[in-house]
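Going by numbering that gives the first Met the number 0, the residue at position 272 of the sequence shown is 271; the numbering climbs one at a time, nothing skipped.
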Amino acid sequence: MANDSAIRFVHFYWNQKGRPTKKKVISRVDAYHGQTYLSAALTGIAFDKIGFDEADGIVEYVACPYPYRRPEGMSVEEFCDWLIEDLEKKIEDVGAENIGAFIAEPIMGAGGVIVPPEGYHKRTLEVCKANEILYISDEVVTGFGRLGHYFASEAVFDIVPDIITSAKGISSGYQPLSATIISQEMYDVLSVPQADGAMFTTGFTYSGHPVCCAAGIKNIEIIDEEDICGHVRKVGPYFEEKLGELNDLPLVGEVRGKCFMMCVENVANKETKELLPPEVNVGGRIANHAQKNGLIVRPIGHLNVMSPPLIMTTEQIDEFVDILRGAIEATQDDLVREGVWNG
Ligand SMILES: Cc1ncc(COP(=O)(O)O)c(C=O)c1O
């Protein structure tokens with residue numbers, strides 16, 4: 000809903016500015032933005048589209064900023080240049096006069112906890128500004144503490160977007176709540192309708208629901224009082240370092256992420272990065288072994304994705320990583336015994 004609202008606001012904004020052709024939105028391959036008709040179209044993950052129709056003619060995709068699987072022979076810096084060129088080329092092909100906004104998660108979540116190359120976000124924002132394209136930062140996962148700040152866009156990636164969408168951490172999930180936060184400049188344009196008959200309206204049956212908002216406000220009070228963001232900033236690097244130790248396991252291709260948003264990518268071959276066949280369900284197997292020992296990690300295909308509670312301590316991190324190591328080792332043993340992998 001927050002992302003749908005963001006696109007409606009973008010369209011209204013450009014109508015107000017007398018630029019009604021600026022309607023398309025650029026998203027990215029492997030992005031996840033939701034399951035409504037429009038946000039499913041913004042989503043660039045192929046498996047979310049199978050068998051469904053989606054909003055036509057609005058969304059254009061650029062490449063996923065996935066350093067681990069960048070083209071052969073490219074440095075990460077060259078890969079970043081290539082991504083920026085890809086965006087510039089897309090804008091040239093579609094025409095800046097037809098593009099209203101660019102949408103991006105600071106770190107892609109469901110798409111595999113993809114941390115883009117250094118400088119990528121700043122450079123994409125500069126390209127957007129140069130082409131009068133609004134920048135939407137989808138902080139549904141990264142907002143409210145997961146990366147150690149209320150919002151990651153400016154604090155972690157040094158960008159100030161035109162719109163931030165948020166949910167999940169805004170109420171720590173105790174009540175359903177989301178928000179579409181717009182810049183003062185956008186607010187000023189939206190709040191004084193110019194065009195003939197234009198009137199800015201938005202709202203849902205449960206918008207601003209008092210119970211959910213009360214939970215959200217209390218949640219923010221607790222985050223402040225207990226300095227949860229400070230805790231994540233302090234302990235997050237330890238989590239990254241400890242999980243990084245799993246890189247010595249033959250099945251682990253890459254451990255990546257930031258603070259309390261992490262991922263292990265499992266591969267058949269560390270050198271070639273080749274994957275096990277999907278039916279092996281390597282992520283699911285690891286998750287099952289881990290759960291037997293009290294740890295829940297999310298399997299997404301060959302990945303295991305982790306978004307632990309923001310109050311996790313260093314002792315719990317040690318236990319977490321021990322259990323996960325055991326689960327990966329048990330999976331390795333199973334795969335060798337079954338003859339589906341030769342170590
Ligand atoms: C980055 C991101 N954006 C948007 C959404 C969609 O949120 P909802 O499922 O509440 O519609 C999600 C859900 O996981 C998400 O991870």
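Glycine is no exception: its CB is placed at the ideal position from the N, C-alpha and C atoms.
Annotated three-state conformation of Arg284 is helix, per DSSP. According to DSSP, residue pairing for Tyr60 in a beta bridge involves Ser26.
Boundaries for Val339: no alpha helix (DSSP H) harbours it, and the DSSP string shows neither H nor E there.
Per DSSP, the continuous beta strand (DSSP E) segment holding Arg255 begins and ends at 251 to 257. For Ala103, the enclosing beta strand (DSSP E) stretches over residues 98 to 103.
If you check the C-beta of Gly33 against ligand 1, you find a heavy atom less than 7 Å away. In this structure, ligand 1 has a non-hydrogen atom nearer than 7 Å to the beta-carbon of Val140. Only buried fits Asn303, as 16 or more other CB atoms lie within 10 angstroms of its CB. Of the heavy atoms belonging to ligand 1, at least one sits nearer than 7 Å to the Cβ of Asn2. One Cα belongs to Val281, the other to Gly243, and the distance between them is close to 19 Å. Per the C-alpha coordinates, the member of Gln183, Leu146, Gly293, Glu240 positioned closest to Asp161 is Gln183. Counting every other CB atom within 10 Å of its CB across the protein chains shown gives Tyr12 a total of 16 or more, marking it as buried. Contact between Met305 and Val234 is ruled out by a C-beta separation of about 14 Å, above the 8 Å threshold. CA-to-CA, the gap between Gln331 and Pro277 works out to about 15 Å.
Contact between Arg27 and Val61 is confirmed by a C-beta separation of about 6 Å, below the 8 Å threshold. Shown here, Arg18 sits in coil according to DSSP, grouped into three states, outside any helix or strand. With fewer than 16 other Cβ atoms from the protein chains shown falling within 10 Å of its own Cβ, Glu91 counts as exposed.
Look at Arg122 here: in three-state DSSP terms it is helix.
For Leu274, the CB contacts under 7 Å within the same chain, skipping 5 residues up- and downstream, are Val266, Ala267, His301 in chain order. Put simply, of Ser190, Gly252, Asn97 the residue whose alpha carbon is nearest the alpha carbon of Ile132 is Asn97.
Membership of Arg232 in the alpha helix (DSSP H) is indicated by the continuous run 227 to 243.
With respect to the C-alpha of Ile49, the residue from Val58, Gly56, Ile57, Ala39 having the closest C-alpha is Ala39. Ligand 1 has no heavy atom closer than 7 Å to the beta-carbon of Ala54. For Ala109, the shortest separation between its Cβ and any heavy atom of ligand 1 lies below 7 Å.
For the set Ala103, Gly110, Val254, Gly144, the Cα lying nearest the Cα of Ile221 is the one of Gly144.
In this structure, ligand 1 has no non-hydrogen atom nearer than 7 Å to the beta-carbon of Ala95. Judged by DSSP in its simplified three-state form, Ser165 adopts strand. Under the DSSP assignment, Pro298 falls in the beta strand (DSSP E) whose first and last residues are 297 to 299.
Between the alpha carbons of Leu37 and Glu153 lies a gap of roughly 26 Å. If you look at Ser136, you'll find it in the beta strand (DSSP E) that goes 133 to 137. Residue pairing by DSSP puts Val304 in a beta bridge opposite Cys262, Arg297.
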